[in-house]
Ligand SMILES: NC(=O)c1ccc[n+]([C@@H]2O[C@H](COP(=O)([O-])OP(=O)(O)OC[C@H]3O[C@@H](n4cnc5c(N)ncnc54)[C@H](O)[C@@H]3O)[C@@H](O)[C@H]2O)c1
Ligand SMILES: [Zn+2]
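Numbering (the working numbering), first residue to last: 145 to 443.
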């Protein structure tokens, strides 16, 4: 038997009746996906909450990051150390299935709460990244943007001989826990344009807000939906949950496929407590498998 991958919640049997309801809704098309951290656990990136809905790690807070040079120094030391491993994570079968559902014309929009870019790496297009992407860096003072790889190279040059000591596993924010001694000697990055040291990964930390144009784009995507399909999200974060509320209010069916309970279960037309790996590849076979030829003929 294959070992159960790290970070994956325990497997549970798929409820066949609920699966059939979900499959029929998805087969009608017009599906907008709203994905969360559960999408990437099989890629080795941990989620914040497991199936019990409890937060296991303390994520970075926006106000602390923006207001404290020491917090930024700690973040960058940890993120520098974790970056190569985070960036090495690749898409898994769930990302591939979503990309195939999109290519097959069944999925018409993808909104993700993830910051790992893995939907796109699996071939999905027009992904609305609600919480940004760790592969970009933004200056909080002048708004200049940088590639994370470029910032990583500066950090390598500015911190020769940096020794993080023994490093634990990568955390959901793409960083690793480091001892304070290792952090104290670390030189954080500075903006080339304004010279300030308030460079932030271009992601929305807890307590930060999603830019208005991104929210507007996400709402315009959901307005076109015939179904909202939540994949691997506890929906504890309001910036994702509000799309479920909007869909339910507008009478758009909501499907939830997530291991454990979610905050959106009450609004869901069908809720499937299952691993994405056990559901999405099967959905592709059942839904796109039969429409593949038609999809190809119209494109
Ligand atoms: N990969 C990433 O980019 C990443 C990772 C962690 C957190 N985050 C950020 O943290 C916030 C957390 O909210 P969230 O709702 O996305 O995540 P969450 O951690 O609150 O919830 C994840 C949910 O997915 C379930 N799950 C985990 N693996 C699964 C699998 N293989 N199949 C089915 N279900 C699975 C868990 O049981 C849990 O209910 C987001 O805003 C996001 O920005 C991002
Ligand atoms: Zn700047």
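A virtual CB, placed ideally from N, CA and C, is assigned to each residue, including glycine.
| request: Compare the Cα-Cα distances from residue 373 to each of 162, 166, 160, 154 and report the closest residue. | output: With distances taken between Cα atoms, residue 373 lies closest to 166.
| query | Which two residues bound the contiguous alpha helix (DSSP H) that contains residue 92? | reply | Because the chain here runs from 145 to 443, residue 92 falls outside it and cannot be looked at.
| query | Using a threshold of 7 Å, is the CB atom of residue 258 nearer than that to any non-hydrogen atom of ligand 2? | reply | No heavy atom of ligand 2 is found nearer than 7 Å to the CB of residue 258.
| said: For residue 441 and residue 221, I'd like the C-alpha separation in whole angstroms. | reply: Confidence at residue 441 is low in this model, with a pLDDT of 41, below 50, so its placement is unreliable and no value can be given for it.
| request: Less than 8 Å between the CB atoms is what I'm expecting for residue 413 and residue 169, so what's the real figure, rounded? | output: Contact flag correct, Cβ pair sits at about 7 Å.
| query | From residue 425 to residue 340, what does the alpha carbon distance come to, in whole angstroms? | reply | Going from the Cα of residue 425 to the Cα of residue 340 covers about 47 Å.
| field | Where residue 185 falls: helix, strand or coil (DSSP) | value | Here residue 185 sits in helix by DSSP.
| task | Ignore the nearest five residues each way along the sequence and tell me which others in residue 272's own chain have a CB closer than 8 Å to its CB. | result | Closer than 8 Å at the Cβ level, and outside the excluded window around residue 272, lie 253, 254, 255, 256, 358, 361, 362, 365.
| So does residue 104 have its beta carbon nearer than 7 Å to some heavy atom of ligand 2? | An answer regarding residue 104 cannot be provided, because it is not within the stretch 145 to 443 covered by the chain.
| query | Around the C-beta of residue 198, are 16 or more other C-beta atoms found within 10 angstroms, so that it is buried, or is it exposed? | reply | Burial call: exposed.
| task | Please confirm whether residue 195 and residue 235 have their CB atoms less than 8 Å apart. | result | For residue 195 and residue 235, no; Cβs fall outside 8 Å.
| query | Among all the DSSP beta bridges, which residues are the ones paired with residue 153? | reply | Looking at the DSSP output, residue 153 shares a beta bridge with no other residue.
| query | Residues bridged to residue 205 by DSSP? | reply | Looking at the DSSP assignment, residue 205 forms a beta bridge with 350.
| request: Measure the Cβ-Cβ separation of residue 391 and residue 400 and say whether it is below 8 Å. | output: Taking 8 Å as the cut-off, the beta carbon of residue 391 is found no closer than this to the beta carbon of residue 400.
| message | Please state whether the Cβ-Cβ distance between residue 319 and residue 155 is less than 8 Å. | response | Not in contact: residue 319 and residue 155 (Cβ atoms no closer than 8 Å).
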